[in-house]
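Here the numbering used here is used: position 443 in the sequence shown is 579, and no number is missing along the way.
Glycine included, each C-beta is placed from N, C-alpha and C at the ideal position.
Since the structure comes first, as C-alpha cells, the remarks are kept for the end.
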Amino acid sequence: MGMTRAEEQRGRWRRTNRSGRVSPSVLLLLAFLTSCSFHPIHDQENSAVRSRAQRRRTALDGGAPSESTLGVLMALGLGDWERRFDGAMDALAATSPAQRALFPVGAIDLAEAEVALWVAGRRRRFDSVDQSLHLRAARATLRGLRDVDPSAPSRFPLTATLLEVHNAALARFLEISQELWGHPSTWPEKAATEGFHLLLNLAPPALDVATFDAFIPADRREPVGLTPRYQVQGLGASLIAERHNLDDENRRIDLHALEHPSFPMTARMEIRPEGGVAIGFYDSLAAATRSLDRPWPLSADFTTALAHGFGEESFRIRENLALFFPSGARREQGIYLFEPYDPDRIPLLLIHGIWSSPLAWAQLQNEILGDPKLRRRYQVWSYFYPTGLSILENAAALRKAVFEMRALAPSGECTANRDMVVVGHSMGGLLAKALVLDPGKTLTETYFRCPVEDLPIPRKLQERLRSALEFRPVPNISEMVFIATPHRGSELAANLLGSLVSQLVDSPDDLEEALDALRSQAPSCLVADDATLLELVDGVRCLRPDARVLAALNAIPLPRATRFHSIAGKLPRARIEGDGVVGLGSARLDGVPSEFVLPAGHASHQDPRAILEIRRILREHLEALP
Numbered sequence: 137m138g139m140t141r142a143e144e145q146r147g148r149w150r151r152t153n154r155s156g157r158v159s160p161s162v163l164l165l166l167a168f169l170t171s172c173s174f175h176p177i178h179d180q181e182n183s184a185v186r187s188r189a190q191r192r193r194t195a196l197d198g199g200a201p202s203e204s205t206l207g208v209l210m211a212l213g214l215g216d217w218e219r220r221f222d223g224a225m226d227a228l229a230a231t232s233p234a235q236r237a238l239f240p241v242g243a244i245d246l247a248e249a250e251v252a253l254w255v256a257g258r259r260r261r262f263d264s265v266d267q268s269l270h271l272r273a274a275r276a277t278l279r280g281l282r283d284v285d286p287s288a289p290s291r292f293p294l295t296a297t298l299l300e301v302h303n304a305a306l307a308r309f310l311e312i313s314q315e316l317w318g319h320p321s322t323w324p325e326k327a328a329t330e331g332f333h334l335l336l337n338l339a340p341p342a343l344d345v346a347t348f349d350a351f352i353p354a355d356r357r358e359p360v361g362l363t364p365r366y367q368v369q370g371l372g373a374s375l376i377a378e379r380h381n382l383d384d385e386n387r388r389i390d391l392h393a394l395e396h397p398s399f400p401m402t403a404r405m406e407i408r409p410e411g412g413v414a415i416g417f418y419d420s421l422a423a424a425t426r427s428l429d430r431p432w433p434l435s436a437d438f439t440t441a442l443a444h445g446f447g448e449e450s451f452r453i454r455e456n457l458a459l460f461f462p463s464g465a466r467r468e469q470g471i472y473l474f475e476p477y478d479p480d481r482i483p484l485l486l487i488h489g490i491w492s493s494p495l496a497w498a499q500l501q502n503e504i505l506g507d508p509k510l511r512r513r514y515q516v517w518s519y520f521y522p523t524g525l526s527i528l529e530n531a532a533a534l535r536k537a538v539f540e541m542r543a544l545a546p547s548g549e550c551t552a553n554r555d556m557v558v559v560g561h562s563m564g565g566l567l568a569k570a571l572v573l574d575p576g577k578t579l580t581e582t583y584f585r586c587p588v589e590d591l592p593i594p595r596k597l598q599e600r601l602r603s604a605l606e607f608r609p610v611p612n613i614s615e616m617v618f619i620a621t622p623h624r625g626s627e628l629a630a631n632l633l634g635s636l637v638s639q640l641v642d643s644p645d646d647l648e649e650a651l652d653a654l655r656s657q658a659p660s661c662l663v664a665d666d667a668t669l670l671e672l673v674d675g676v677r678c679l680r681p682d683a684r685v686l687a688a689l690n691a692i693p694l695p696r697a698t699r700f701h702s703i704a705g706k707l708p709r710a711r712i713e714g715d716g717v718v719g720l721g722s723a724r725l726d727g728v729p730s731e732f733v734l735p736a737g738h739a740s741h742q743d744p745r746a747i748l749e750i751r752r753i754l755r756e757h758l759e760a761l762p
C-alpha cells in the first residue's frame, strides 16, 4: 500500500536516529575524528619513588635524614639516635635557647622532625603511632619556621627544607587522621581520646568543615594532560577538597551542576599557647585574596585540583551524547563551576562548540589559575549544552542558566551580577552573541507569519518556541570574545560529513511532530520550508552558510554596551581561507575593537597564542574598571 502525501512529508521531516542508514565505515570515521581531538585530562597517583626524586634529601617517605640533621645529632652527642630514637627526639625538643643559638635557625627543629619521620618510614604502618609521629614532625618544623623571616630567605638557609618537611608531614598527618577518624568535624573529640588536644579553626577566612566531605593530599597526585603545574610555594598542606552525594539544592547553590565537585584547599596548622594544635582549612583561591594576618603565603596546587575535577566528570561521554542524543543530555545541561561560587569575582563564562564539552577549556582554565591577577578577580563558569539541538533553544537555556546563577548572590549589587566576560568557541560563539541581542520579532518572522501564541500547537511548545525566538538581552555583559565562530556558517556543515552527522542526531520528537503538523494544519503560518524549519531542532543545520538563523542573527544590531573581540585561525594551505572548518570571512566580525588572526586550525581556543590573547583581554578589562 502506498503512502499518503502527508506520510511522505512526515518521512522527509522526521529525523529520529537514522544510524541504521549509515555505513559502518562512516561511524568509524566519526569515531576517529572525535578521538583525534581528545586529550585525556585527569590526575593520577604520584609514586613515593618519584616523590622523593622531586624533593631534597630528607627523611620524608622513608629516606635518610639530611646532612644538616645528621650534623646536629652528632654535635649534641646523639650519634646512637637510630637505636634510641625516642630519647633523641625528646633531647632535641628539650634543647635550651643557648644550644639552639649554636646552630642555623630551625636546624634542631628540623632534626627532631626528621627523626620522627625516619621512624615512621621504618614502621610502614598506617596507625595512631604513625599519626602522632607525623604530627610531631609538623609541630617541630612549624616551631623552626616561627623565627624565619619569609621576606629574606637567603638569611635562613634551611627555610626551604623546613617548609617542605612541614607541609609533607602535615599532609600525612591529615591523611592518616581522615583514614582513622573520618570527617574532620569528628577530630577534636577523637583526638582527646588519643591523649592530645586538637582544635578546628573555623574563624573566617577558614572554611566550615561542612564545605567538603573528604580531601586528597595534592602532593600524592600529579596532573595528566595539563601543563604547566601551577602551584604556590608557601606554608600549609595543599589538598584537593571533594564533595560527594550532594542533594539537588546543595548542588545548585554550592557548585552548580557538578556531581563530584572538587577545589584546591590548603590546611594550615597553628600551635596553641595553651598546648595542642589547631587545624584550619582554607579555600586556596579565596584565601589568596584575603589577609590571613600571618607572614607566610598559603601553599596551593591549582592544576592538580583542576585535573582531578575534570577526571571525576565524564565529559567525554557526555559530549557524544549531547550531539547525537541531545534530548537525553538535557539533564546534564547547565553552568558548571570547578570551585565554590564567589559573588565577589567577575564571572568568565566559557561556551564550548559543537561535539564538545567544558573539557575544551581546561588549558585556558589552567592558565587563568596560573595568573595571580586573573585568578583573584575572575571565576570560571563553563556552560555545557546538548550541541545537537538548535542554537536558539540552547541560547534560551543559557539565558535562563545565567539568571539562575545571578539569583544565587546574597546581594543583587555584587560583582558577579554587575559584570561578566563571555568567551565562545565555534557554535558557542553564536550562543554567546544571542545573549546580548534584542531580536524583537526578527527571529519569529524568520520562520512564521503569525505570532507564536497563535500557532496550533500545545501551549508548552508555544512557550518553548517563544523563549527561543523572542527574548530580552542579558544585561551587564562587558566583554565578549568570539573564537572561530561561524557568523556566516561553515561549508563543512553543508557537505557530506555535516549531512551524515545531522542524520545521526536523534532530535526532540515532540517539537518535530508539532512543526510537522503545522505543514498540513496551518501552512499559511509558515514562512520557512521543511529544510529551514529543521533549524529549530537541529544544531548542525544552524551552521550551514544558507541557514536563515545566521542571517537573522547578523541582521540584529550588536549592543554598544558590550566590547567584542574576534580570534580566528588561518591555515596556510587550507582549501578555503580559514581554519579548515570555518572560513576566515565567516569568523570575522566588522567593527570589533580587536581582531587576532593566528596560523591555527579550528581548535584555536586551545592554542597558547589564543590563550595569551584572551588573557590580554581579561587583564585590559580589569585595568579599565573604575
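With contact defined as three or more Cβ pairs closer than 8 angstroms, the segment 692-711 and the segment 659-671 are not in contact. Proximity of the segment 688-695 to the segment 644-664 falls short of the contact definition, fewer than three beta-carbon pairs being nearer than 8 angstroms. Within its own chain, no residue has a Cβ closer than 7 angstroms to the Cβ of A328 once the five positions on either side in sequence are excluded. Counting the other CB atoms within 10 Å of its CB gives D574 a total below 16, which places it among the exposed residues. Taking every protein chain shown into account, the CB of R535 has 16 or more other CB atoms within 10 angstroms, so this residue is buried.
Checking the DSSP bridge columns, you'll see Q515 partnered with P483. The three-state secondary structure of Q235, taken from DSSP, is helix. Taking the Cα positions, A552 is about 10 angstroms away from N612.
Contact between the segment 703-711 and the segment 598-614 is absent, with fewer than three C-beta pairs closer than 8 angstroms. Taking C-beta separations shorter than 6 angstroms and ignoring five residues to either side along the sequence, the partners of A465 in its chain run L457, A458, P522, following chain order.
One Cα belongs to A339, the other to S321, and the distance between them is close to 14 angstroms. Burial check for F460: the Cβ neighbour count within 10 Å reaches 16 or more, so the residue is buried. Scanning the segment 710-755 for uninterrupted alpha helix (DSSP H) segments of 4 residues or longer gives 720-723, listed from N- to C-terminal end.
Per DSSP, D226 lies in no beta strand (DSSP E) segment; the continuous alpha helix (DSSP H) that holds it begins and ends at 221-229. DSSP places I613 in no alpha helix (DSSP H); its state is neither H nor E. Of the candidates Q499, D666, V718, the residue whose Cα lies closest to the Cα of G361 is Q499. Using a Cβ-Cβ distance cut-off of 8 angstroms, the segment 717-724 and the segment 469-477 are not in contact, since fewer than three pairs of beta carbons, one from each stretch, lie closer than that value.
Non-local C-beta neighbours of Y418 in its own chain, meaning closer than 7 angstroms and more than five positions away in sequence, comprise P341, A342, L343, M401, T402, R404, L434, ordered along the chain. Short of 7 angstroms from the beta carbon of A307, and not among the five residues preceding or following it, lie these beta carbons of its own chain, in chain order: P353, D355, A373. Within the DSSP secondary-structure output, N337 pairs in a beta bridge with G416. Here V557 is bridged, per DSSP, to L484, E615. Q267 and F309 do touch by the CB rule: their CB atoms are close to 6 angstroms apart, below 8 angstroms.
DSSP lists no bridge partner for I692. DSSP places I376 inside the beta strand (DSSP E), whose first and last residues are 373-378. Excluding residues up to 5 positions away in sequence, S638, L670, E671, A683 lie with their Cβ nearer than 7 angstroms to the Cβ of R677 in the same chain. Here R542 carries a helix assignment [DSSP, helix/strand/coil].
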